[in-house]
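Engineer: Residue numbers (my numbering): 1 to 564. C-beta: ideal position from N, C-alpha, C; glycine also. Treat the numbers as computed from the prediction; the structure is a model and nothing was measured. Just passing along the structure, written as structure tokens.
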């Protein structure tokens, strides 16, 4: 079967573009420029797979004027980076991405307030030192989904899966925005991963890198100053410059288009529709710094999705309520202040009661609802809690860290309670649930496989089971998904306080926290909520009408659940 296939290339300020490909023995096929800024040509192709790229007279200032460059299609959905060409697939006379057939589109998915998120780097999630297979691909991750389901995870936040330079990276310098990172697998493999997640009731969020690109992103080669700032957007903050930055202020009056808006809007539309994603984590929002664009883009993402929940999350450090709904453009913000104040407290370096109350109750920071914040103890950018606890750099100067063995697991469980029971959406960085302790990558090109054999150790397995039980409690008791939290029983001298979570349906949970290094015996918790009986979540202790007198060990928390 032979069909007419059109190729187009948007380059409104460029003087010439030609198409070259395997279908023409890499000889130039002329393209005609229209008034809309597109160069176009049509060719007859049989069903099959072809390689191609464009030969363009560049307008980028780092080349000679009108120099001819061979450039990969900025809209290519399949790229061979090693051979430097795009790949197009034709079936039944039409362009296709692949032939994957979705199986689980009708499976109900959790609402935003029900989420427990797991941040994952595909390459490092599977395999490891004792594994004879390299792994690290989409299909390998599928084999671990039942593990995540058992843990209670119902959303995965994938670190960038767009095509990046080389075969290993964190992925935050995207080169080809429409293509999937080939070292992880094919487009169909990624769809199968997402589909298998959906079949288990697990939502999938993608990491969206819309502030900057790789230096050799095709748009950089076509006409840099049309899509990008000519110079660093914030020269006063060079430490947060990660590559050429999209210029969302540039407006082409002749074509009535904002070039960067159009391109990134097309990227988001494509990923939502083609890969059925359920949310986006927007990287470097503080540096992107265009609320109008973010508001438009977030609305576009939800407009293009199916009839299911969607979640737009900002990475904005330090975090701020101004970026979140109802007034801000996005639904949620990574709650960096939660980690900032929790880690020193868990490590025994400080106890700032009012700051701890602020991050446990983000309404005190101006956030409106629980879904506005993503709480975490660790991320790909931050060290695991076990690494923080055992950090020897603090030992000589502060004499508080160097916390290992049983003491470390005790404090890890304290962190788990605070993470899962705080107001907000909890997120785990992969491996946190069983005590991963490797130092984070010092460079983004240094593989750091998580240490699955740790699960074979009793202490690590117990920590996993503790997280599993806590997450189950959160899912079963809607009080922990609500916007309601109230503090009581505060004793700053003893480093003890408690908080009450509840909802309007009568579900209630109380958490009592001991941040001191003293085992407290017969401790009286003042102002314990009345109304009925309460049960110690993990024990047999019952609380009646006369309040709570309990034993609470150093650096632990107790949870009580209403039996009313």
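Excluding the 5 residues preceding and the 5 following residue 199 in the sequence, name in chain order all residues of the same chain whose CB lies nearer than 7 angstroms to its CB.
Structural biologist: 103, 104, 107
Engineer: Would you check if there are 3 or more beta carbon pairs closer than 8 angstroms linking the region 51-68 to the region 17-31?
Structural biologist: Because the criterion of three Cβ pairs below 8 angstroms is met, the region 51-68 and the region 17-31 touch.
Engineer: By how many angstroms is the C-alpha of residue 37 removed from the C-alpha of residue 172?
Structural biologist: 30 angstroms
Engineer: Quick check on residue 574: buried or exposed, where buried means 16 or more other Cβ atoms within 10 Å of its Cβ?
Structural biologist: No statement about residue 574 is possible, as the shown extent of the chain runs from 1 to 564 and does not include it.
Engineer: Could you check the C-alpha separation between residue 351 and residue 251 for me, to the nearest Å?
Structural biologist: 50 angstroms
Engineer: Figure out for me which residue from 275, 273, 381, 151 has the closest Cα to the Cα of residue 116.
Structural biologist: 151
Engineer: Just curious, the beta strand (DSSP E) that residue 488 is in, first and last residue?
Structural biologist: 485-491
Engineer: For the region 222-232 and the region 182-189, state whether three or more C-beta atom pairs, one from each stretch, are separated by less than 8 angstroms.
Structural biologist: no
Engineer: Could you tell me if residue 143 is buried or exposed, where buried requires 16 or more neighbouring beta carbons within 10 angstroms of its beta carbon?
Structural biologist: exposed
Engineer: Return the CA-CA distance between residue 343 and residue 388, expressed in angstroms with no decimal places.
Structural biologist: 8 angstroms
Engineer: Would you please state the rounded distance, in angstroms, between the beta carbons of residue 543 and residue 534? I believe it to be under 8 angstroms.
Structural biologist: 4 angstroms
Engineer: Compare the beta carbon distance of residue 575 and residue 87 with 7 angstroms and say whether it is the shorter of the two.
Structural biologist: The first residue shown for the chain is 1 and the last is 564, placing residue 575 beyond what the model contains.
Engineer: Just the C-alpha distance for residue 85 and residue 162, rounded to the nearest angstrom, thanks.
Structural biologist: Residue 85 and residue 162: Cα-Cα distance of roughly 16 angstroms.
Engineer: Under 8 angstroms by Cβ, that's how I've got residue 548 and residue 518 pegged, so tell me the actual separation to the nearest angstrom.
Structural biologist: About 18 angstroms; that fails the 8 angstroms criterion.
Engineer: When you compare each of 308, 339, 372, 301 to residue 325 by their alpha carbons, which one comes out closest?
Structural biologist: Nearest of 308, 339, 372, 301 to residue 325, Cα basis: 372.
Engineer: Going by alpha carbons, who is nearest to residue 121 out of 304, 216, 379?
Structural biologist: Closest by C-alpha distance to residue 121, out of 304, 216, 379, is 379.
Engineer: Per DSSP, which one or two residues make a beta bridge with residue 207?
Structural biologist: 281
Engineer: Could you pull the DSSP bridge partners for residue 85 from this structure?
Structural biologist: 80
Engineer: How close, in whole Å, do the beta carbons of residue 529 and residue 500 come, if the pair is a contact with beta carbons under 8 angstroms?
Structural biologist: 5 angstroms
Engineer: Compute the beta-carbon to beta-carbon distance between residue 510 and residue 496, rounded to the nearest angstrom, for a pair I have assumed lies under 8 angstroms.
Structural biologist: About 13 angstroms separates the two Cβ atoms, so there is no contact after all.
Engineer: Would you check if the distance between the CB atom of residue 366 and the CB atom of residue 282 is smaller than 7 angstroms?
Structural biologist: No, these two residues do not count as a Cβ contact at 7 angstroms.
Engineer: Taking only the alpha-carbon atoms, compute the straight-line gap between residue 474 and residue 377 and give it to the nearest angstrom.
Structural biologist: 17 angstroms
Engineer: When burial is assigned at 16 or more other CB atoms within 10 Å of the CB, is residue 81 buried or exposed?
Structural biologist: buried
Engineer: Which same chain residues end up closer than 8 angstroms to residue 124 when comparing Cβ atoms and leaving out the 5 residues on each side of it in sequence?
Structural biologist: So the list reads 136, 430, 447, 448, 449, 450, once near-sequence residues are dropped.
Engineer: Would you call the CB atoms of residue 21 and residue 50 closer than 7 angstroms?
Structural biologist: With contacts defined by Cβ atoms closer than 7 angstroms, residue 21 and residue 50 form a contacting pair.
Engineer: Return helix, strand or coil for residue 259, following the three-state DSSP convention.
Structural biologist: helix
Engineer: Let's test the definition: count the other Cβ atoms within 10 Å of the Cβ of residue 133 and tell me whether it reaches 16, buried, or not, exposed.
Structural biologist: exposed
Engineer: Just mark residue 213 as buried or exposed, buried being the case when its beta carbon has 16 or more other beta carbons within 10 Å.
Structural biologist: Counting the other Cβ atoms within 10 Å of the Cβ of residue 213 gives 16 or more, which makes it buried.
Engineer: Quick one: Cα of residue 338 to Cα of residue 3, how far?
Structural biologist: 57 angstroms
Engineer: I'd like the span of the beta strand (DSSP E) that includes residue 337, first residue to last.
Structural biologist: Residue 337 -> not in any beta strand (DSSP E); alpha helix (DSSP H) instead, spanning 336-346.
Engineer: Compare the C-alpha of residue 444 against each of 64, 99, 32, 164 and name the closest.
Structural biologist: 164
Engineer: Could you name the residues that DSSP lists as bridge partners for residue 50?
Structural biologist: 88
Engineer: Since residue 223 and residue 59 are thought to touch, with beta carbons under 8 angstroms apart, how far apart are those beta carbons, to the nearest angstrom?
Structural biologist: Yes, residue 223 and residue 59 are in contact; Cβ-Cβ is about 4 angstroms, under 8 angstroms.
Engineer: Determine the DSSP secondary structure at residue 217, reduced to helix, strand or coil.
Structural biologist: In the structure shown, residue 217 sits in coil (DSSP, three-state: anything other than H, G, I, E or B).
Engineer: Return the Cβ separation of residue 346 and residue 415 in integer angstroms, given the expectation that the two are a contact with Cβ distance under 8 angstroms.
Structural biologist: 5 angstroms
Engineer: With a floor of 4 residues, list each alpha helix (DSSP H) that falls wholly inside the region 169-196, ordered by position along the chain.
Structural biologist: Inside the region 169-196, DSSP marks no whole alpha helix (DSSP H) run of 4 or more residues.
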